[in-house]
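Participant:
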Amino acid sequence: MIELELPWPPSVNSYWRTFQGRMIISREGREYRKAVQALLLPLGPAIRQHATERLAVLLQVFPPDRRRRDLDNLGKALLDALAAAGVYEDDSQIDDFHVIRRRVVSGGKVLVAINVMEETTC
2 MIELELPWPP
12 SVNSYWRTFQ
22 GRMIISREGR
32 EYRKAVQALL
42 LPLGPAIRQH
52 ATERLAVLLQ
62 VFPPDRRRRD
72 LDNLGKALLD
82 ALAAAGVYED
92 DSQIDDFHVI
102 RRRVVSGGKV
112 LVAINVMEET
122 TC
């Protein structure tokens, strides 16, 4: 099991931008990826121990304020950042995904728990 505390991610609404007719990751999205990579770098190879297995992910989200948010808009930037940091190869490995909203905390944060699936129907 891997447990991480990560900063509040950008919403999917601000994650993508159109540039010269192509969809690209926004500056905010790229900066978030770099921040997650920097946080996970000290963990070294241990963070990549289940990089190719089927996974279950639990996100406990602590919003930065009381604004209304769709929980399904939070996962994309965060899951992509974890893949970019080498925690897994691709978020298509995730077979079980849960998001729980928690209390508001200053700045917001996300607690991430990643487990290897013992059994899968895929």
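With this note's numbering, you'll find the sequence shown wraps up at 123, consecutive numbering, no jumps.
Built from N, CA and C at the ideal position, the CB exists for glycine as well.
1) Just to check my reading of the structure: P11 and Y33 have Cβ atoms closer than 8 angstroms, yes? What is that Cβ distance to the nearest angstrom?
2) Following the continuous beta strand (DSSP E) through Q61, name the residue where it begins and the one where it ends.
3) So is the beta-carbon of V106 under 6 angstroms away from any non-hydrogen atom of the ligand ATP?
4) Of all the options T19, A57 and Y16, which has the alpha carbon lying nearest to the alpha carbon of E4?
5) Using 7 angstroms as the threshold, is the C-beta distance between V111 and L7 below it?
6) Could you tell me the alpha carbon to alpha carbon distance between G45 and E90, rounded to whole angstroms?
7) Among residues of its own chain, excluding the 5 on either side of T53, which ones have a beta-carbon nearer than 7 angstroms to its beta-carbon?
8) So, helix, strand or coil for V105, using DSSP?
9) In whole angstroms, what is the alpha-carbon distance linking V100 and D81?
10) If distances are taken between C-alpha atoms only, which option among D71, R55, Q21 and I48 comes closest to E119?
Facilitator: To lay it out plainly:
1) Your numbering for residue 11 matches position 10 in the sequence shown. Your numbering for residue 33 matches position 32 in the sequence shown. So it is a contact: roughly 6 angstroms between Cβ atoms.
2) As a first step, residue 61 must be located in the sequence shown, where it is residue number 60. Start and end: L56 to F63.
3) Among the ligands in the structure shown, none appear at all, so the ligand ATP cannot be discussed.
4) Here residue 4 corresponds to residue number 3 of the sequence shown, with the count starting at 1. The shortest Cα separation from E4 among T19, A57 and Y16 belongs to A57.
5) As a working mapping, residue 111 is identified with position 110 in the sequence shown. As a working mapping, residue 7 is identified with position 6 in the sequence shown. Yes, Cβ-Cβ distance for V111 and L7 is below 7 angstroms.
6) As a working mapping, residue 45 is identified with position 44 in the sequence shown. As a working mapping, residue 90 is identified with position 89 in the sequence shown. Distance between the alpha carbons of G45 and E90: 16 angstroms.
7) Along the sequence shown, read from residue 1 onward, the residue named residue 53 stands at position 52. Result list for T53: E90, in chain order.
8) Here the question's residue 105 lines up with position 104 in the sequence shown. It is coil, neither helix nor strand.
9) As a working note, residue 100 is residue 99 in the sequence shown. As a working note, residue 81 is residue 80 in the sequence shown. One C-alpha to the other measures close to 16 angstroms.
10) Within the sequence shown, numbered from 1, the residue matching residue 119 stands at position 118. The option with the nearest alpha carbon to E119 is R55.
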